[in-house]
């Protein structure tokens with residue numbers, strides 16, 4: 001008993017593992033540290049110092065200018081991401097529920113065809129999506145961009161929920177049917193309360209995919225309807241005036257903070273949800 005409670009000595013292999021992990025963590029954090037330090041420097045401090053030097057005078061002018069430039073586009077991304085994430089997750093849950101618990105003739109073929117959407121690159125859907133948005137009168141609008149993200153993300157959310165629901169005992173659904181529960185009653189009162197892990201997976205997955213998207217944003221939106229990723233690209237690539245690296249870095253931090261916070265606060269649920277649906281399917 002005493003021996004089991006005693007601290008274990010560090011062996012060479014364990015020390016090597018810890019050293020490798022610390023080195024990898026430092027390498028990943030260096031770009032973030034450089035961005036953060038540069039965003040609080042003045043232009044003169046940037047020109048005279050080095051990348052990892054501490055700011056001689058800490059100033060928030062870069063953050064103020066960055067927000068004045070990309071603040072409106074930040075809220076555009078919020079307006080695009082929130083409804084697209086919620087709707088695609090809800091539709092994916094319904095699709096997964098039907099394909100796992102209410103199988104119909106040809107459901108496996110339908111699911112197989114739907115899976116092709118997971119392997120389609122962004123570029124292949126640009127032309128048909130542009131044609132569809134034009135016919136619907138949603139071209140170059142925020143609503144059109146929301147629709148594109150919902151449709152493109154539906155294959156992923158359906159896959160996640162279908163595999164998760166395949167691990168749920170079918171006896172629960174059969175018992176509910178015998179008690180007279182209908183389609184939406186079973187879904188809302190039995191399966192959805194059990195779906196918190198996979199819901200978190202879909203929310204994190206869809207949020208990061210949609211928030212970080214650039215191609216759809218630059219193709220299907222224009223002007224004041226563009227997301228923050230497009231505005232950040234326009235800001236960084238501007239060729240007029242003096243290059244203000246502190247503003248660029250602050251704008252990049254503003255664009256990346258939401259996804260960083262999502263992973264920090266809910267990242268542990270991502271693997272937990274994926275492994276919860278990996279039993280069978």
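Numbering (UniProt numbering), first residue to last: 1 to 281. Where a beta carbon is used, it is the ideal one built from N, C-alpha and C, also for glycine.
Just to confirm the assignment, what range does the alpha helix (DSSP H) spanning residue i have?
| i | result |
| --- | --- |
| residue 65 | 61-101 |
| residue 244 | Element bounds for residue 244: n/a, residue is neither H nor E. |
| residue 183 | 183-186 |
| residue 197 | 196-211 |
| residue 216 | 215-220 |
Could you give the distance in angstroms between the alpha-carbon of residue i and the alpha-carbon of residue j?
| i | j | result |
| --- | --- | --- |
| residue 77 | residue 174 | 42 Å |
| residue 2 | residue 17 | Residue confidence is low: residue 2 scores 48 on pLDDT, short of 50, so the model does not pin down where it sits. No coordinate-derived value is stated. |
| residue 199 | residue 248 | 34 Å |
| residue 356 | residue 157 | Because the chain spans 1 through 281 in this model, residue 356 falls outside it and cannot be assessed. |
| residue 178 | residue 195 | 22 Å |
| residue 27 | residue 140 | 40 Å |
| residue 260 | residue 14 | 30 Å |
| residue 57 | residue 44 | 10 Å |
| residue 222 | residue 167 | 44 Å |
| residue 224 | residue 250 | 20 Å |
| residue 269 | residue 149 | 23 Å |
| residue 228 | residue 145 | 13 Å |
| residue 66 | residue 136 | 35 Å |
| residue 231 | residue 256 | 13 Å |
| residue 187 | residue 153 | 21 Å |
| residue 47 | residue 218 | 32 Å |
| residue 176 | residue 197 | 22 Å |
| residue 193 | residue 36 | 40 Å |
| residue 106 | residue 92 | 18 Å |
| residue 283 | residue 118 | Only positions 1 to 281 of the chain appear in this structure, which leaves residue 283 out of reach. |
| residue 24 | residue 31 | 12 Å |
| residue 242 | residue 123 | 35 Å |
| residue 59 | residue 151 | 43 Å |
| residue 185 | residue 108 | 24 Å |
| residue 253 | residue 39 | 8 Å |
| residue 90 | residue 128 | 24 Å |
| residue 238 | residue 131 | 31 Å |
Assuming residue i and residue j form a contact by the criterion Cβ under 8 Å, report the distance between their Cβ atoms to the nearest whole angstrom.
| i | j | result |
| --- | --- | --- |
| residue 191 | residue 155 | So it is not a contact: roughly 20 Å between Cβ atoms. |
| residue 206 | residue 73 | Actually they are not in contact, since the Cβ atoms of residue 206 and residue 73 sit about 20 Å apart, beyond 8 Å. |
| residue 142 | residue 79 | 6 Å |
| residue 165 | residue 101 | 6 Å |
| residue 133 | residue 220 | 6 Å |
| residue 203 | residue 82 | Not a contact, Cβ separation roughly 10 Å. |
| residue 235 | residue 70 | 7 Å |
| residue 159 | residue 147 | Not quite, the Cβ-Cβ distance comes to about 20 Å (not below 8 Å), so this is no contact. |
| residue 62 | residue 246 | 3 Å |
| residue 161 | residue 97 | 7 Å |
If you reduce the DSSP assignment to three classes, tell me which class residue i lands in.
| i | result |
| --- | --- |
| residue 56 | coil |
| residue 233 | helix |
| residue 163 | helix |
| residue 146 | helix |
| residue 169 | coil |
| residue 41 | coil |
| residue 19 | helix |
| residue 49 | coil |
| residue 224 | helix |
| residue 179 | coil |
| residue 11 | coil |
| residue 249 | helix |
| residue 34 | helix |
Is there a Cβ from chain C that is less than 8 Å from the Cβ of residue i?
| i | result |
| --- | --- |
| residue 262 | Protein chains in the displayed structure number just one, and chain C is not present. |
Practice problem: Any chance you could list the beta strand (DSSP E) runs of at least 3 consecutive residues sitting entirely within the region 95-140, in chain order? | Solution: none
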